[in-house]
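Residue numbers (UniProt numbering): 1 to 329.
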């Protein structure tokens with residue numbers, strides 16, 4: 001599971017990286033201004049690449065916590081479905097025991113009456129042994145019900161605590177959203193210096209020079225969808241239809257083939273079948289940056305991916321960075 005520490009660590013790294021970037025840009029600007037007037041495009045590109053990598057790690061961590069929280073909520077809902085009828089059965093058993101206890105009391109057995117009048121599951125379980133009119137089978141059934149309810153209630157409390165912890169992680173991350181947005185603005189200024197604009201134009205996607213290949217089966221639906229997204233902007237934690245992050249794009253593409261993938265690159269890698277590069281085919285997923293980035297292979301040594309902020313969904317070489325692994329959903 002993600003922890004508060006694991007969330008804060010990449011955020012802290014991002015903050016430090018941005019601060020370092022600002023300093024580096026200032027130094028670069030003053031130094032190069034004296035000689036050339038502006039920093040070189042190459043140095044700005046390197047700064048953007050470094051900070052973009054750290055930024056994407058933060059996004060993937062955010063996605064991971066969000067996915068984990070959804071799973072925790074699903075478990076809580078499933079437990080509640082079990083607890084509701086079980087609670088009703090325990091209440092019915094309590095009423096049965098109360099009725100028998102009342103009869104026993106009228107017959108002079110105050111001990112039996114006092115044993116079950118407390119009303120709690122614990123008192124009830126301890127007290128039914130004193131009621132001679134309940135058969136051994138009934139006692140066993142009631143004890144089983146009470147034990148089951150106690151177990152599920154304990155599980156519910158643990159899940160509630162986990163859900164609260166995950167909610168705090170999300171809250172902490174959202175509280176830093178303004179800071180991260182400011183960091184992104186600084187990086188966009190670097191893009192403007194390097195490229196003359198903060199956001200890539202859709203023409204940078206490669207759509208005008210690349211046509212979608214003909215691919216059959218499930219992979220065909222994936223590849224066709226990927227090509228249809230070319231030129232759409234990158235956005236934090238987005239899974240379409242107007243913008244994407246890296247794992248959001250692969251998630252949406254494979255959803256068209258009826259496959260459900262988590263919105264986390266690392267979790268996608270853990271879920272799919274690993275294959276070698278010699279086995280790669282269109283539609284397969286290619287992972288990079290120690291599972292911090294993922295792309296869709298579309299054939300001829302090319303992938304389609306949502307790179308990072310300021311860029312658009314585009315066609316790139318499969319070797320745009322070192323490949324971590326390849327898999328097929």
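Every residue gets a Cβ at the ideal spot worked out from N, C-alpha and C, and that includes glycine.
| Query | Result |
| --- | --- |
| To the nearest angstrom, how far is it from the Cα of residue 233 to the Cα of residue 198? | 12 Å |
| Take residue 45 as the anchor and find which of 263, 192, 214, 219 has the nearest alpha-carbon. | 192 |
| Is it buried or exposed, residue 330, if we count other Cβ atoms within 10 angstroms and call 16 or more buried? | Because the chain in this structure spans residues 1 to 329, residue 330 falls outside the shown range and cannot be described. |
| Identify, in the order they occur along the chain, each residue of the same chain with its Cβ nearer than 8 Å to the Cβ of residue 86, setting aside the five sequence neighbours on each side. | 145, 148, 149, 152 |
| Can you round the beta-carbon distance between residue 291 and residue 324 to whole angstroms, since I take them to be within the 8 Å contact cut? | 6 Å |
| When the Cα atoms are used, what is the spatial distance from residue 280 to residue 297? | 8 Å |
| What is the rounded straight-line gap between the Cα of residue 55 and the Cα of residue 299? | 28 Å |
| Which residue from 211, 53, 237 puts its Cα closest to that of residue 230? | 211 |
| Among 170, 156, 259, 320, which one has its Cα closest to the Cα of residue 68? | 170 |
| Which residue from 302, 283, 306 puts its Cα closest to that of residue 293? | 306 |
| Between residue 71 and residue 268, what straight-line distance do the alpha-carbon atoms span, to the nearest angstrom? | 15 Å |
| For residue 259, collect the residues of the same chain with a Cβ closer than 7 Å to its Cβ; drop the 5 residues on either side in sequence, then sort them by chain order. | 329 |
| What's the gap between the Cα of residue 182 and the Cα of residue 194? | 19 Å |
| Tell me where the alpha helix (DSSP H) around residue 225 begins and ends. | 217-228 |
| Kindly indicate which residue of 61, 288, 51, 284 has the alpha-carbon position closest to the one of residue 172. | 61 |
| Starting from the C-beta of residue 253, find all residues in its chain whose C-beta is less than 7 Å away, skip the five residues before and the five after it, and write them out in chain order. | 222, 225, 226, 296 |
| Taking the alpha helix (DSSP H) that residue 266 belongs to, which residues open and close that run? | 265-271 |
| Within 10 Å of its beta-carbon, does residue 317 have 16 or more other beta-carbons around it, so buried, or fewer, so exposed? | exposed |
| On the three-state DSSP scale, how would you describe residue 309? | coil |
| Under three-state DSSP, which class holds residue 276? | coil |
| I'd like the span of the beta strand (DSSP E) that includes residue 317, first residue to last. | 314-317 |
| Mapping DSSP to helix, strand and coil, what is residue 255? | helix |
| In this structure, does DSSP put residue 152 in helix, strand or coil? | helix |
| So residue 285 is in the beta strand (DSSP E); what residue range does that whole segment cover? | 285-288 |
| Please report the residue range of the beta strand (DSSP E) in which residue 325 lies. | 323-328 |
| Using the C-alpha atoms, what's the distance from residue 276 back to residue 77? | 40 Å |
| Just to confirm the assignment, what range does the beta strand (DSSP E) spanning residue 234 have? | Run containing residue 234: none; DSSP gives neither H nor E here. |
| Once DSSP output is grouped into helix, strand and coil, what is the label at residue 299? | strand |
| If you run the structure through DSSP and keep just helix, strand and coil, what is residue 164? | helix |
| If we call anything under 9 Å between Cβ atoms a contact, is residue 314 one with residue 205? | yes |
| Would a C-beta distance cut-off of 9 Å place residue 237 and residue 66 closer than the cut-off? | yes |
| What separation, rounded to the nearest whole angstrom, lies between the Cα atoms of residue 235 and residue 215? | 28 Å |
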